[in-house]
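Colleague: Okay, handing you the structure first.
Numbering (our numbering), first residue to last: 21 to 253.
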């Protein structure tokens, strides 16, 4: 079976190379400072102090780079046996993640459920107006999706930010529905507008854009007295 992964994972090799590079750079800096090739702000200190300060400075910069690499490793994965989710939103968690990888162990995940336990999936969305540095502060509408899974024991698990890879999400949902017999609740028919669906030529973003502005237009033209009309849906 194909594995569906949304997000990024970091290999043991990548983490090991960053660690080795950090140590090598720190040692080289310490030796260079002790030999007289110290930065101006360390030149007036004794060689031992220059060496220690230079090595520690480079080592801390290396740790900062390592933490940035590791904390960007968040993912959601579907396999034949399980669904797991890993999110390093807590920055203090990255040393344990790094340690597990270097030991050759699979790092712990935040959520792990058996694929066979999933009985029902519900897709929902909400339009949000946001302004980010990437849009130069210009407000834009985004459409975050919520993928809510109901398990055989009645528990409910919700996943977010999976729309960042719509193609993989579509493949995973179709696998769960077609191969695993999971019931899909998709009131806005979003799956058909994802890649590979019969209506996907339009694109999920364009489709939700039409729905969002269509609902906004209806809301603006509603009269106060008609608020409860037609809500038996």
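Positions of the beta carbon are idealized from the N, C-alpha and C atoms, including for glycine.
If I'm right that residue 202 touches residue 132 with Cβ under 8 Å, what's the distance once you round it to whole angstroms?
Modeller: In the chain shown, counting from the first residue as 1, residue 202 sits at position 182. In the chain shown, counting from the first residue as 1, residue 132 sits at position 112. Not really, about 17 Å apart at Cβ, beyond 8 Å.
Colleague: Would you tell me roughly how many angstroms separate the C-alpha atoms of residue 30 and residue 93, rounded to the nearest one?
Modeller: Position 10 of the chain shown, counting from 1, holds the residue named residue 30. Position 73 of the chain shown, counting from 1, holds the residue named residue 93. Each residue's Cα considered, the two are about 6 Å apart.
Colleague: Going by DSSP, name the residue or residues bridged to residue 205.
Modeller: Against the chain shown, residue 205 aligns to sequence position 185. Its beta-bridge partners are 142.
Colleague: Counting only C-beta atoms, is residue 195 closer than 9 Å to chain D at any point?
Modeller: The chain inventory of the structure shown lacks chain D, comprising one protein chain alone.
Colleague: Do residue 23 and residue 83 have their CB atoms nearer than 9 Å?
Modeller: Start at 1 with the first residue of the chain shown, and residue 23 comes out as number 3. Start at 1 with the first residue of the chain shown, and residue 83 comes out as number 63. In this structure, residue 83 does not lie closer than 9 Å to residue 23 by Cβ.
Colleague: Quick check: what's the CA-CA separation for residue 230 versus residue 26?
Modeller: Locating residue 230 in the chain shown gives position 210, counting from the first residue. Locating residue 26 in the chain shown gives position 6, counting from the first residue. When rounded, the distance between both Cα atoms is 26 Å.
Colleague: Please determine if the stretch 202–216 and the stretch 180–193 are in contact, where contact requires at least 3 C-beta pairs separated by less than 8 Å.
Modeller: Short answer: they touch.
Colleague: Helix, strand or coil for residue 178, going by three-state DSSP, please let me know.
Modeller: Position 158 of the chain shown, counting from 1, holds the residue named residue 178. Three-state result, residue 178: strand.
Colleague: Secondary structure at residue 80, three-state DSSP: helix, strand or coil?
Modeller: In the chain shown, the residue the question calls residue 80 occupies position 60. Residue 80: helix per DSSP, three-state reduction.
Colleague: Based on the DSSP output, what are the partners of residue 95 in its beta bridges?
Modeller: Counting from 1 along the chain shown, the entry for residue 95 is found at position 75. According to DSSP, residue 95 bridges with 27, 106.
Colleague: Between the Cα of residue 102 and the Cα atoms of 228, 207, 200, which residue gives the shortest distance?
Modeller: For the purposes of this step, residue 102 is taken as residue 82 along the chain shown, with counting starting at 1. It is 200.
Colleague: Ordered along the chain, which non-local residues of its own chain (more than five positions away) have a Cβ less than 7 Å from that of residue 162?
Modeller: Within the chain shown, numbered from 1, the residue matching residue 162 stands at position 142. Closer than 7 Å at the Cβ level, and outside the excluded window around residue 162, lie 148, 150.
Colleague: Report the rounded CA-to-CA distance for residue 206 versus residue 171, giving the unit in angstroms.
Modeller: In the chain shown, the residue the question calls residue 206 occupies position 186. In the chain shown, the residue the question calls residue 171 occupies position 151. Spanning the two alpha carbons is a distance of roughly 17 Å.
Colleague: If the criterion is Cβ atoms closer than 9 Å, does the pair residue 114 and residue 81 meet it?
Modeller: In the chain shown, the residue the question calls residue 114 occupies position 94. In the chain shown, the residue the question calls residue 81 occupies position 61. No, Cβ-Cβ distance for residue 114 and residue 81 is not below 9 Å.
Colleague: What does the alpha-carbon distance come out to for the pair residue 143 and residue 128?
Modeller: Here residue 143 corresponds to residue number 123 of the chain shown, with the count starting at 1. Here residue 128 corresponds to residue number 108 of the chain shown, with the count starting at 1. Each residue's alpha carbon lies about 27 Å from the other.
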